[in-house]
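Enquirer:
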Amino acid sequence: MSRRPVPPMTDATRPYWEAARENRLCLPKCDACGELFFPPKNTCPACHSNRITWTNATGEGEILSFSAIHIPPFAGYTDEFPYVLAIVRLTEGPQLMTNIVDCDVDSLRIGDRVQVCFEERANKTRVPQFRPATTKD
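Residue numbers (my numbering): 206 to 342.
1) Sorted by chain position, which residues of the same chain lie with C-beta nearer than 7 Å to R326's C-beta, five sequence neighbours on each side aside?
2) In this structure, does DSSP put A224 in helix, strand or coil?
3) For A217, which of I276, T248 and G266 has the nearest alpha-carbon?
4) Using beta-carbon positions only, say whether F286 and P277 come within less than 8 Å of one another.
5) Count the other C-beta atoms from every protein chain shown that fall within 10 angstroms of the C-beta of C233, then say buried if there are 16 or more, exposed otherwise.
6) Applying the criterion that 16 or more other CB atoms from any shown protein chain within 10 Å of the CB defines a buried residue, is T260 buried or exposed?
7) How is D342 classed by DSSP in three states: helix, strand or coil?
8) Which residues in the same chain have their Cβ closer than 7 Å to the Cβ of T303, if we skip the five residues on either side of it in sequence?
9) Assuming G298 contacts L230 (C-beta within less than 8 Å), just tell me the rounded distance between them.
10) Closer than 6 Å by C-beta to K246: which residues in its own chain qualify, once you throw out the five before and the five after it? Chain order, please.
11) Report buried or exposed for C235, applying the criterion of at least 16 other Cβ atoms within 10 angstroms of its Cβ.
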């Protein structure tokens, strides 16, 4: 279990965190216009409808941008350096800020394919992160 901080859960993010506890990456979807979006909100950012349902994502995406962090920002991260902070565009379209784990930092490239994995933190909270995608033969 990681010593990293546990993200806060709100009414808008509760379905996201509950799915993550089950190792599922879920996204909010607007029932009015069909928009998939992230971060979770109570209203659709495209049409402002409050008719939101949740759908399972594939957990696959690509790195749009990343930075390797070599200096600890605060306690809880001191044993895990360097770590990679990235913007990942999911196959479904939404983008999220996340960590890339289980990787050779020097080999990462923008455009690399990644797949979701989950890090357990306190209170059984599981945080979606990404690792380089395995190649399929």
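Ideal placement from N, C-alpha and C gives every residue a C-beta, glycine not left out.
Expert: Taking the geometry as given:
1) M206, S207, R209, V211 and V332
2) helix
3) T248
4) yes
5) Looking at the sequence provided, one finds Pro at residue 233 rather than Cys. Flag for P233 reads buried.
6) exposed
7) Residue confidence is low: D342 scores 41 on pLDDT, short of 50, so the model does not pin down where it sits. No coordinate-derived value is stated.
8) A291, V293, P333, Q334 and F335
9) Incorrect: roughly 13 Å between the Cβ atoms, too far for contact.
10) A217
11) buried
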